[in-house]
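Have a look at the structure below, then the notes.
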Amino acid sequence: MKLILTRHAKSSWNDLTLDDHDRPLNERGQSAAQRMGNWVQGRRHTPSQVLSSDAARAKETAELMIYEMGNAPSLTLDAGLYHASADTILARIQRAPKGDLMIVGHNPGMAELAARIVDVRPVHDRFSVYPTTATLITEVPVDDWADLKFGMARVIQFIVPRELKELNTA
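Residue numbers 35 to 204, in the working numbering, belong to the letters of the sequence shown in order.
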């Protein structure tokens with residue numbers, strides 16, 4: 035099965051009265067999420083399900099990516115993914131139904147999960163930082179998410195929004 039890990043896109047700081055949980059994406063973030071969804075779909079990595087933090091910026095990232103993917107993966111919002119640790123995110127993945135899965139979450143948990151879930155880290159100068167909208171596509175040798183453990187995923191590709199512009203895929 036495929037496991038896709040995406041950090042939410044760039045959020046807006048225009049309204050400083052908003053609670054962190056309620057911050058939406060800014061225009062750059064919206065564009066990056068759309069481009070990333072299009073890129074995932076174009077490489078035939080579209081998941082059957084998306085599990086996202088319920089924070090506004092993560093939810094909006096997931097919704098924009100799903101729209102661009104076109105074949106409507108199901109979306110589940112999970113309050114437990116808001117600023118979750120790698121261990122918590124792994125536990126959520128292990129409870130997911132069978133099928134290719136995308137997780138949309140926050141740093142530092144997403145960066146830590148990405149580093150710990152792969153067998154060999156990709157050679158990429160932004161992998162350890164895991165910037166906004168960064169996306170890791172992996173293949174995992176399990177038929178049931180309950181069997182997933184750290185260090186099992188094989189990297190297919192890691193990409194950041196800047197590279198999408200360079201590839202002219204937007």
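Beta carbons are placed, not taken as given, at the ideal position from N, Cα and C, and that holds for glycine. In this text the structure is predicted, and so the values were computed from the model without any measurement.
{"Check": "Residue span of the beta strand (DSSP E) that contains K36, given as start and end", "Outcome": "K36 to R41"}
{"Check": "Assumed close pair V84, L115 - CB separation to whole angstroms, cut-off 8 Å", "Outcome": "The pair is not a contact, with the Cβ atoms about 11 Å apart (cut-off 8 Å)."}
{"Check": "Three-way DSSP call (helix, strand, coil) for T203 in this model", "Outcome": "Because the pLDDT of T203 is 44, which lies under 50, any placement of that residue in the model is unreliable, and the question is left without a value."}
{"Check": "Buried or exposed by the 16-neighbour rule on C-beta atoms within 10 Å, applied to E94", "Outcome": "buried"}
{"Check": "Among A180, A168, R129 and R188, nearest to M99 - alpha-carbon criterion", "Outcome": "A168"}
{"Check": "Whole-number beta carbon distance between L198 and R69, since they are thought to touch under 8 Å", "Outcome": "5 Å"}
{"Check": "Check: G139 C-beta below 8 Å from any heavy atom of the ligand FAD", "Outcome": "In the structure on display, the ligand FAD does not appear, and there are no ligands present to speak of."}
{"Check": "Proximity winner among V189, Y101 and I151, relative to G71 (alpha-carbon distances)", "Outcome": "Y101"}
{"Check": "Contacts around V176, its chain only, beta-carbon distance under 6 Å, and the 5 residues preceding and following it disregarded", "Outcome": "L182"}
{"Check": "Beta strand (DSSP E) segments (min. 3 residues) lying fully within the region 136-188", "Outcome": "169-173"}
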